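For the sequence shown, our numbering assigns the number 8 to the initial residue and increments by one for each residue that follows. All C-beta atoms in this analysis are idealised placements derived from N, C-alpha and C, irrespective of residue type, glycine included. Bear in mind that the values here come from a model prediction, so they are computed numbers and not experimental data.
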Amino acid sequence: MLQRLSSKLVLPILIASGLIAILRSVWAMMPVKLDRVELMAWQDLPLFVLPPEPDPAAQEIVEQYLEKLSSKGALPQNQGVWIQSGMRRLATHQGKVPLPAASFTKIATTIAALEQWEPSHRFETLVSATGSVKDGILQGDLVITGSGDPFLIWQEAIALGNSLNQLGIRRVSGNLVISGDFYLNYERNPAIAGQLLRQGINAQLWSQVIVAHHRSMPPETPQPQVIIDGSVKVANYPIAKKILLLRHWSLSMTQILREMNIYSNNELAQMLAQAVGGAQIISKLAAQQAGVSPTEIQLINGSGLGVDNRISPRAASAMLMALERFLEPHQLSIMDLFPVAGRDHDGTMLARQIPAGTTVKTGTLREVSALTGVMLTRDRGLVWFAIINGGWDIRNFRLQQDKLLEKLLQKWGTIPDSNNSNNYKPVLLGDPLRNEQIFIP
C-alpha cells in the first residue's frame, strides 16, 4: 500500500490533503519491525520529519481535562494519559508511569491467549458411553473428556443435556466419569465440575441460578432430563472401551476473548491466565509484543483485580496496537475482541457516552477508572488513547473520560461509518449446533 501511495502521490499533495497523518497511522499498523539502523536512516529522511511533540491543541485539551479532575479533588500524580497517532505522541501526562489499571490487565491476557491458541481455535469436550442404550437408559457410565475449555458454562451444560435427550438418553445407570481437563462454570476441580454438570443436565436439580441462565437462552430451549443413578467419578487414566456419542465445540478463541472483554469477566480471565502460565508469563509476553519496558506492565493476576496490577498508559495503547498488527493477517481487528461504542450496549458499555465507532477496553476498581482504545479521525487517522484515573469518584471519572474523547473528536473530525466489522456475529451461548452427534445408540 505504501509503495502504491509513494508512486502516485508527491509531497505537496500529501501535505495539502492531510494524508500524511493517515499514512503514518497505516504504516504504524503494518506488521513490520524496523531495526535500530533502519529507524535511524528513516529519521534522517527530510520527507518524514515529524511535527513537534506533543500536539499543542491536544495537550491543551488534556491539561484542561486534568485541571477539571483536580478541582474535584483528584490528585494529578494518580492520573495518567497517553494519546498517539501512528508514531507521533499527541498528548501525555505520566504516560510512561505504571499505575493501577484494573482490567487493562485483560489486554495483556488477550495477548498471551493468542500466543497460545489461534484466533479460530475451539476446545472440544467429548461425551462417551461405556454401554448400550435401552428404553432411554444408558447401561453403563457416561464419560466426559475435557480439553481445557475455559468458557463451559451453564448454558453449554443445558445444551449438552438436551443433545443427550435427543439421542434417546434420559437416564444413566452407571456413573458420571470425568477425565481430561474438564471445567464447568470456572470450576477447575474435576470432581466439583462433574457435580455441576450432573446438576446442569437434569432440570429436576436446577437451582434458581440455573433457571435464570436457561431463561437467557432462546425461548424454545427444552429443559433437559438426564438422571445419573451412580456417582461422579474422576478418572486418572484413559478409559479404553467407550463409544463416542457427542463432540461439543466451544466458542472460538476470538469469541471467548470478546465475551471476556465486553463483560470484563474476571473468572474467565483467570482461567485463561492459569492456562497460559500465570501473571509473570503474561507480563513478559505483553511487554515483548508491545515493545515497552517490563517495568511498564506489572501484573499479579490475569484479571486486573487488585491495585498491584500496574500498567502505564503508553503500554496500554502499545498492547492494543500490537494486537492489531497480530490480527491483521487473520483478517481480524481489535474490534473483533473488544467492545465497540454504538455496536455493543451491554456489559462495560452500559451508560457510557463514548463516541460511536470507538473500540475500547474499560477498567474499574473501587479506586480506579480506566479507558483505552482507538478511534478513527479525519485529521489524525487512527488515534490510540489510554486514560487512567485514580481516586474514588468513579462516576465522574467515566463522565469526563467520555467528554475528553468527544472534545478530541470535535477537534480532529470524524469519518462516518468508519468502524464496521464484517466478522462480528452475536454469540449464542448454549448453541445446540456446536454439539456434534457422532453415534446414535
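query	result
Buried or exposed, going by whether 16 or more other CB atoms sit within 10 Å of the CB of W399?	exposed
What does DSSP give as the partner residues of A136 in its beta bridges?	L149, I250
Among S110, D409, L97, whose alpha-carbon lies nearest the alpha-carbon of A363?	D409
Across which residues does DSSP place H255 in a beta bridge pair?	T132, N442
Tell me which residues share the same chain as K432 and place their Cβ nearer than 6 Å to its Cβ, disregarding the 5 neighbours each side in the sequence.	none
Does Q338 come out as helix, strand or coil in the three-state DSSP assignment?	coil
Among L372, Q417, T366, which residue has its Cα nearest to the Cα of A393?	T366
When the Cα atoms are used, what is the spatial distance from I68 to L411?	8 Å
Give the secondary structure of D343 by DSSP, where H, G and I count as helix, E and B as strand, and everything else as coil.	helix
Tell me K240's beta-bridge partners as DSSP assigns them.	V184
Is the beta carbon of R405 within less than 6 Å of some heavy atom of the ligand ZN?	The model on display carries no ligand, and the ligand ZN is accordingly not part of it.
Could you compute how far the alpha carbon of S290 sits from the alpha carbon of S310?	12 Å
With a Cβ-Cβ cutoff of 7 Å, do F189 and I151 count as a contact?	yes
Return the CA-CA distance between V434 and A329, expressed in angstroms with no decimal places.	25 Å
With distance defined between alpha-carbon atoms, name the residue in T117, T355, P301, P83 nearest to L327.	T117
Run through DSSP, which three-state label would R31 get?	Only weak support exists for where R31 lies, its pLDDT of 41 falling under 50; the coordinates are left without a value.
Kindly give me the distance between the Cβ atoms of K368 and F158, rounded to whole angstroms, as I take these residues to be in contact under 8 Å.	Rounded, the Cβ-Cβ distance is 18 Å, inconsistent with contact.
Just the C-alpha distance for F446 and L252, rounded to the nearest angstrom, thanks.	5 Å
Which residues share a DSSP beta bridge with Q86?	N396
From the DSSP output, in three-state form, read off I199 for me.	helix
Quick one: what's S92 bridged to in DSSP?	R95, V390
Count the other CB atoms, across all protein chains shown, that sit within 10 Å of the CB of L82; report buried if there are 16 or more and exposed otherwise.	exposed
Which runs of the alpha helix (DSSP H) at least 4 residues long sit entirely within the segment 277-340? Give them in chain order.	286-297, 320-334
By the 10 Å Cβ neighbour count, where 16 or more other Cβ atoms means buried, how is H255 classified, buried or exposed?	buried
What does P107 pair with, by DSSP beta-bridge criteria?	R317
In whole angstroms, what separates the C-alpha of L372 from that of G87?	16 Å
If you run the structure through DSSP and keep just helix, strand and coil, what is S127?	coil
Measure the C-alpha to C-alpha separation of R317 and F345 and round it to an integer number of angstroms.	20 Å
Report buried or exposed for H352, applying the criterion of at least 16 other Cβ atoms within 10 angstroms of its Cβ.	exposed
Looking at the strands, I want to know which residues DSSP matches up with K141.	I144
Identify the residues that DSSP records as bridge partners of A348: which are they?	D351
Cβ of V184 within 7 Å of Cβ of A136?	no
The beta strand (DSSP E) spanning A377 covers which residue range?	375-384
Report yes if the CB atom of P61 is closer than 7 Å to the CB atom of A120, and no otherwise.	no
Please go through the same chain and pick out, in chain order, the residues whose beta-carbon is closer than 7 Å to the beta-carbon of L306, but skip the five residues on each side of it.	T112, A115, A286, I289, S290, N316
Give me whichever residues DSSP pairs with S154 in a beta bridge.	D188
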